[in-house]
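So the protein sequences, as listed, match chains B and Y.
Here the first sequence is numbered in the numbering used here, starting from 14 and rising by one per residue.
Here the second sequence is numbered in the numbering used here, starting from 10 and rising by one per residue.
All C-beta atoms, glycine included, are put in the ideal place defined by N, C-alpha and C.
Read the structure below first, then the notes.
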Amino acid sequence: MGFLDLAGAAAPAAATKTCRPRPFGVQRIAAAFVLPIAALVLWELLVRTGLATGRLMPPPSRIAVTLYDLAATGELVRHIAVTLWRVVVGFVAGAAAGTIAGALTGYSPRLSRFADPTLQALRAIPSIAWVPLFILWFGIFETSKVALIAVGVFFPVYLGVSGAVASVDRKIVEVGRVFRLSGPALVRRILLPAVLPSYVVALRSGLGLGWMFVVAAEFMGASEGLGYLLVDGQQLGKPDQILAAILTFAAVGKLTDTLLVLGTAPLLRWQDTYGRDA
Amino acid sequence: MLELQNLTKVYPNGVHALEAFSLTVREGEIVAVIGGSGCGKSTLLRLIAGLEQPSRGRAVLDGATLTQPHPLVNIIFQEPRLLPWLTVAGNVGFGLADLAANDRALRVEEALLRVGLAGYGGRWVKELSGGQAQRVAIARALVTRPEVLLLDEPFSALDALTRADLQDHLADLWAESGTTMILVTHDIEEAAVLADRIVVMRPWPGRKLEEIEIALKRPRERTAPEVEALKRQLVAALNRSLDRSPGRSPGRSTDRSPVRAPENALGSEPVRVPFVP
Numbered sequence: 014m015g016f017l018d019l020a021g022a023a024a025p026a027a028a029t030k031t032c033r034p035r036p037f038g039v040q041r042i043a044a045a046f047v048l049p050i051a052a053l054v055l056w057e058l059l060v061r062t063g064l065a066t067g068r069l070m071p072p073p074s075r076i077a078v079t080l081y082d083l084a085a086t087g088e089l090v091r092h093i094a095v096t097l098w099r100v101v102v103g104f105v106a107g108a109a110a111g112t113i114a115g116a117l118t119g120y121s122p123r124l125s126r127f128a129d130p131t132l133q134a135l136r137a138i139p140s141i142a143w144v145p146l147f148i149l150w151f152g153i154f155e156t157s158k159v160a161l162i163a164v165g166v167f168f169p170v171y172l173g174v175s176g177a178v179a180s181v182d183r184k185i186v187e188v189g190r191v192f193r194l195s196g197p198a199l200v201r202r203i204l205l206p207a208v209l210p211s212y213v214v215a216l217r218s219g220l221g222l223g224w225m226f227v228v229a230a231e232f233m234g235a236s237e238g239l240g241y242l243l244v245d246g247q248q249l250g251k252p253d254q255i256l257a258a259i260l261t262f263a264a265v266g267k268l269t270d271t272l273l274v275l276g277t278a279p280l281l282r283w284q285d286t287y288g289r290d291a
Numbered sequence: 010m011l012e013l014q015n016l017t018k019v020y021p022n023g024v025h026a027l028e029a030f031s032l033t034v035r036e037g038e039i040v041a042v043i044g045g046s047g048c049g050k051s052t053l054l055r056l057i058a059g060l061e062q063p064s065r066g067r068a069v070l071d072g073a074t075l076t077q078p079h080p081l082v083n084i085i086f087q088e089p090r091l092l093p094w095l096t097v098a099g100n101v102g103f104g105l106a107d108l109a110a111n112d113r114a115l116r117v118e119e120a121l122l123r124v125g126l127a128g129y130g131g132r133w134v135k136e137l138s139g140g141q142a143q144r145v146a147i148a149r150a151l152v153t154r155p156e157v158l159l160l161d162e163p164f165s166a167l168d169a170l171t172r173a174d175l176q177d178h179l180a181d182l183w184a185e186s187g188t189t190m191i192l193v194t195h196d197i198e199e200a201a202v203l204a205d206r207i208v209v210m211r212p213w214p215g216r217k218l219e220e221i222e223i224a225l226k227r228p229r230e231r232t233a234p235e236v237e238a239l240k241r242q243l244v245a246a247l248n249r250s251l252d253r254s255p256g257r258s259p260g261r262s263t264d265r266s267p268v269r270a271p272e273n274a275l276g277s278e279p280v281r282v283p284f285v286p
């Protein structure tokens with residue numbers, strides 16, 4: 014038995030009767046690429062045929078060259094690594110805090126009456142508004158950036174976990190009571206497994222916000238990172254660099270989301286649902 | 010021995026669910042509780058299970074007052090209430106978390122064998138039929154070897170054949186384990202086939218109307234004349250519990266009509282109701 018009382022990846026030997034398309038089969042991956050590739054080809058054609066100038070909106074071929082150049086010098090990897098590191102650290106911190114706060118307020122209505130209004134008020138503050146304060150508190154370097162990302166991740170995770178825990182079926186909770194589970198055991202063996210599906214959704218929206226806030230954080234003064242590439246491209250008038258950074262965001266952001274889905278999929282195999290995995 | 014002393018429950022919203030219910034349940038006895046809706050049957054079980062606190066009175070098991078869920082008391086609900094994120098084996102072993110993994114696996118295997126689901130341990134809950142799921146729930150309750158098992162209309166959501174099957178199965182399990190059982194049901198046949206004693210409740214507020222001792226031997230044939238006679242006796246008692254004149258059939262009544270004329274799974278003669286003794 015792991016931390017959560019789940020029949021995890023190792024459990025059932027019996028074959029699952031329901032036969033779904035595998036979430037990452039070749040066909041599905043191909044289908045996912047149809048739209049972006051079509052858009053890229055159209056864009057390239059518009060510039061090549063002279064229907065668009067491509068000055069402020071450079072064609073994919075030029076962005077590819079820019080990306081290649083950035084990659085060749087090792088600069089791109091460095092920027093990605095720095096940004097990814099910030100997102101991951103901020104995400105882990107924010108998600109952990111959001112999970113704990115959400116589990117506590119979801120579990121205890123009394124605690125929720127005290128804490129939830131305050132947290133909701135804090136949530137109403139546009140997170141960018143924290144930037145000046147965080148810079149004063151934590152300085153201009155990494156800590157303030159990670160803190161901002163953590164704040165961004167915290168709220169969707171908190172909201173998702175708290176709401177999901179509070180709405181767990183009373184009937185299932187009673188099973189835990191009949192078996193005399195203590196408070197922590199009830200959370201670990203009933204409440205958290207029961208909310209896992211919505212928890213994964215909450216983590217995914219948290220991660221999305223993490224990527225959003227890393228750009229805000231890197232706008233406020235960074236010497237490296239994908240956000241820095243954006244600012245740098247704007248200041249030096251290099252739209253191809255801006256677009257290269259944007260596309261990199263799309264790719265890396267989608268990749269982390271996919272990893273999150275893949276990583277949690279074994280924990281959700283018990284679900285008996287209409288079945289759109291991922 | 011389980012003693013219920015003047016159990017009374019008034020819910021915070023003012024619903025007077027149960028009034029001064031007293032009963033002494035002998036060890037190894039099966040007591041069936043029947044009655045229409047609103048007669049406090051489920052409340053009675055929830056009080057014994059420690060899921061609710063009585064407003065007055067108490068339930069005492071072997072000298073200890075039951076105020077919260079007790080390790081020797083388990084309950085089976087109308088719906089299986091299995092945990093979908095656990096396999097069948099995980100569900101059955103849910104109450105055995107304190108045991109070492111080996112011992113737990115052995116007990117689970119044995120329990121699944123006893124409910125006729127040997128080899129199902131690795132299945133997911135979503136792969137079970139309704140009857141199988143309720144068997145798993147029975148195994149989960151019995152695996153902790155409770156002294157008292159409470160059953161809250163455990164088979165009412167199942168089709169007639171599966172229901173009769175599980176009733177027989179429950180009788181077998183009882184014969185092996187000797188567990189004291191309190192069976193709340195609205196199925197007169199279920200009560201007649203399984204119980205040593207039947208308590209008839211009357212509603213608003215729920216209270217005991219009468220107790221019927223049953224001397225019939227087990228296993229009981231559903232179509233045996235004695236069982237048929239008992240079923241007629243129960244229908245009459247239920248009619249009295251609702252203050253109905255004997256001329257009215259409970260099946261056709263228009264107002265609050267919780268009494269189901271016994272449905273017979275095995276196709277015996279329909280019971281003629283009501284019966285005036």
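Per DSSP, the bridge partner or partners of ALA73(Y): Per DSSP, LEU70(Y).
Environment of LEU272(B) [buried if 16+ CB atoms lie within 10 Å]: exposed
Residue environment, SER140(B), which counts as buried when at least 16 other CB atoms sit within 10 Å: Label assigned to SER140(B): buried.
Runs of beta strand (DSSP E) wholly within the segment 73 to 101 of chain Y (minimum 3 residues, chain order): 82 to 85
Proximity test, Cβ basis, 9 Å: THR153(Y) and chain B: yes
Cα-Cα separation between VAL19(Y) and VAL101(B), rounded to whole angstroms: 53 Å
Span separating the alpha-carbon of GLU222(Y) from that of GLU38(Y): Near 11 Å, if we compare the C-alpha coordinates of GLU38(Y) and GLU222(Y).
Near-chain B residues of the segment 33 to 63 of chain Y (beta-carbon distance less than 7 Å), N- to C-terminal order: ALA58 and LEU60
Cα-Cα separation between GLN292(B) and PRO279(B), rounded to whole angstroms: Outside the shown range of chain B, which is 14 to 291, sits residue 292(B), and nothing can be said about it.
TYR129(Y) versus GLU136(Y) - alpha carbon distance: 10 Å
Under the three-state DSSP convention, the category ASN22(Y) falls into: Secondary structure at ASN22(Y): coil, using DSSP grouped into helix, strand and coil.
Backbone secondary structure at PHE104(B) - three-state DSSP: helix
Bounding residues of the alpha helix (DSSP H) (the contiguous stretch that carries VAL244(Y)): 234 to 250
ARG193(B): contacting residues in chain Y (beta-carbon distance under 7 Å): Correct list: PRO78 and PRO80.
Test item: CB-CB of GLY119(B) and ALA177(B) under 9 Å: yes
PRO191(Y), DSSP secondary structure in three states: Looking at the sequence provided, one finds Ile at residue 191(Y) rather than Pro. Note: ILE191(Y) maps to strand in three-state DSSP.
Assigned secondary structure, VAL265(B) (DSSP; H/G/I helix, E/B strand, else coil): helix
Length of the line joining the Cα atoms of LEU275(B) and VAL34(Y): Looking at the two C-alpha atoms, the distance is approximately 54 Å.
Close-in-space but distant-in-sequence residues of the same chain around LEU89(B) (CB under 6 Å, 5 per side omitted): LEU83
Assigned secondary structure, TRP133(Y) (DSSP; H/G/I helix, E/B strand, else coil): strand
Coarse secondary structure for THR66(B), derived from DSSP in three states: coil
Below-9 Å beta-carbon distance, ARG90(Y) vs any chain B residue: Taking 9 Å as the CB threshold, ARG90(Y) lines the interface with chain B.
Closer than 9 Å to chain B by CB, PRO163(Y): no
Beta-carbon gap between LEU222(B) and PRO169(B) smaller than 9 Å: yes
Residue of ILE259(B), ILE148(B), LEU260(B) and TYR212(B) minimising C-alpha distance to MET233(B): ILE148(B)
Assigned exposure category for TYR81(B) - 16 Cβ within 10 Å defines buried: exposed
Buried versus exposed, by CB contacts within 10 Å (16 or more), LEU9(B): The structure shown does not extend to residue 9(B), since chain B is modelled only from 14 through 291, so no value can be given for it.
Neighbourhood of VAL181(B) by C-beta distance below 6 Å, restricted to the same chain and skipping five residues each side: LEU204 and ALA207
Within chain Y, partners of LEU209(B) - CB distance below 9 Å: TRP94
Contacts of ASN83(Y) in chain B (Cβ-Cβ under 9 Å): VAL191 and PHE192
Collapsed DSSP secondary structure at GLY215(Y) in the structure displayed: strand
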